[in-house]
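Numbering (this note's numbering), first residue to last: 13 to 566.
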């Protein structure tokens, strides 16, 4: 999110982004009520499948040959940041009515789907405020224009439900310590915790921040964020790169008294500040896992940890160092196993002297090597159209092509949503065509539990004006989160379904969120002639079942 490093070439994100524009066509899905179907026994024989009981099916087990090296990656995080602070992405302005706010968000979601993305990182606590009815902090001013003003609905509940309806994974994006984008205490609502506890905050760079060195503050901000974790069906908790604020020229952080009170065991104030941030990350990780083990925890730090000139473990760069500048020891967080994913903002072009994308990505791949932490690369869609390398609409596509040589890179996240509609629209169209032409499942995070559901049953398959329409039934006593649908030309081979070919996403028609007992999927891209479909079931941590029996449409 917006911050001002010293070197303009190394800016992370800017708070002045705006936009409008178009997108590709989204996949069509529609719910089908059980009451609209024939009886269950009749369904088992429709659509070209054998008439024996589908619930007797136990799956298939056959060795697979080496995968096609030219095949796209089947599992990949493809996400977009949707920023709310200063109305960057959503809502686009303060005080919009409920219908307008909701329409803006669903449009952003539909555009994400059209670009081939499978997740959204939505900012829900931008400035010590909330996009949900929080007992800890006031309603966000970015919703109504008045801090504490009730928007008339629950934006977080709506945001999660609409994301899941499109089978987009939802990560709630929190800023832990930023209190305001101004330095006028009376602009904070009277009930704001910062006004109730002025000793908890400091002013720096004409903004207010909670003081990370005060233990009560660290506990409070965790409680405030955990309320959303406990009460909402999020898939992930996401922090951006703001811990201690970015340096302001000729100003020291005003925390000397806090250090004198709490930093006795540390000879260096920088080590003490890093320790404070470490505690926040470690404790938040532990609390999330204790409360909801399936919720993944990730952070998008500044793209440079340390330069090799400062530390032999650092990267071959010469830019701003987040370890020293904002006291973020992001490498340690990975090595200690506190994060399920790390999402560094590698917001620079290939070949940039001070921070070369082609040097930073391998460095970060080395950081996660030997750990269970996934690596997603933060991509600077907001820079597309700028001078230099970013004038080339293919720069982002080159980044993704480069990533393919580093299997530890598990995906990419783009900043920000609105730019994908305007200045980066052409660049994202190239990315979609060259890298996201086929769906992708989100990678499995090992160690978080979960297991693949039993294979589902395709109870009905027929061709309609809108495409091939499948009705999918979950297996008895199973509760899958969503389904992946695979399409092959021709009629099915019942004895040996193409399980190996299902590792190639070029054979995946799409995914669809489970709608309970029966779920409908529509494939508008099916060509003429007979095609066979297979469906797998996935849990919310993306473990995939064996395939269903095949069903074909003529």
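The beta-carbon is built from N, C-alpha and C at its ideal position, and this holds for glycine as well.
- Between residue 468 and residue 484, the gap from beta carbon to beta carbon is short of 8 Å.
- Residue burial annotation: residue 136 is buried, with at least 16 other C-beta atoms found within 10 angstroms of its C-beta.
- For residue 172, the enclosing alpha helix (DSSP H) begins and ends at 167-177.
- Exposure of residue 110 is indicated by the presence of fewer than 16 other C-beta atoms within 10 angstroms of its C-beta.
- Counting every other CB atom within 10 Å of its CB across the protein chains shown gives residue 141 a total of 16 or more, marking it as buried.
- In this structure, residue 490 sits away from residue 509, with a CB-CB distance that is not shorter than 8 Å.
- Judged by DSSP secondary structure, residue 522 falls within the beta strand (DSSP E) whose first and last residues are 520-525.
- In this model, residue 127 and residue 227 are separated by some 43 Å (Cα to Cα).
- The three-state secondary structure of residue 473, taken from DSSP, is strand.
- Of the residues assessed, residue 493 falls on the buried side of the cut-off, its CB having 16 or more other CB atoms within 10 angstroms.
- Per DSSP, residue 341 lies in no beta strand (DSSP E) and is assigned neither H nor E.
- Around the CB of residue 99, 16 or more other CB atoms lie within 10 Å, so the residue is classed as buried.
- Cβ neighbours of residue 376 within its own chain (closer than 7 Å, five residues either side excluded): 356, 387.
- Annotated three-state conformation of residue 182 is strand, per DSSP.
- Cα atoms of residue 303 and residue 222: separation of roughly 25 Å, rounded to the nearest angstrom.
- Judged by DSSP in its simplified three-state form, residue 435 adopts coil rather than helix or strand.
- Taking a 10 Å sphere around the C-beta of residue 263, we find fewer than 16 other C-beta atoms and assign the residue as exposed.
- Judged by DSSP in its simplified three-state form, residue 514 adopts helix.
- Contact annotation: residue 558 and residue 550 have beta-carbon atoms that are not nearer than 8 Å.
- Taking C-beta atoms under 8 Å as the contact rule, residue 124 and residue 134 fail to qualify, at a distance of about 11 Å.
- Collapsing the DSSP output to three states places residue 369 in a helix.
- Taking the CA atoms as reference points, residue 82 sits about 15 Å from residue 514.
- Annotated three-state conformation of residue 151 is strand, per DSSP.
- Excluding its 5 nearest sequence neighbours in each direction, residue 416 has C-beta neighbours in its own chain below 8 Å: 85, listed in chain order.
- In terms of CA proximity to residue 143, 162 leads the group 162, 370, 287.
- Under the three-state reduction of DSSP, residue 440 is assigned to helix.
- The straight-line gap separating the alpha-carbon atoms of residue 139 and residue 397 is approximately 29 Å.
- For residue 158, there is no enclosing beta strand (DSSP E), as DSSP gives it neither H nor E.
- Under DSSP, no beta-bridge partner is assigned to residue 121.
- Per the Cβ contact rule, the stretch 336-353 is in contact with the stretch 301-320 (3 or more Cβ pairs under 8 Å).
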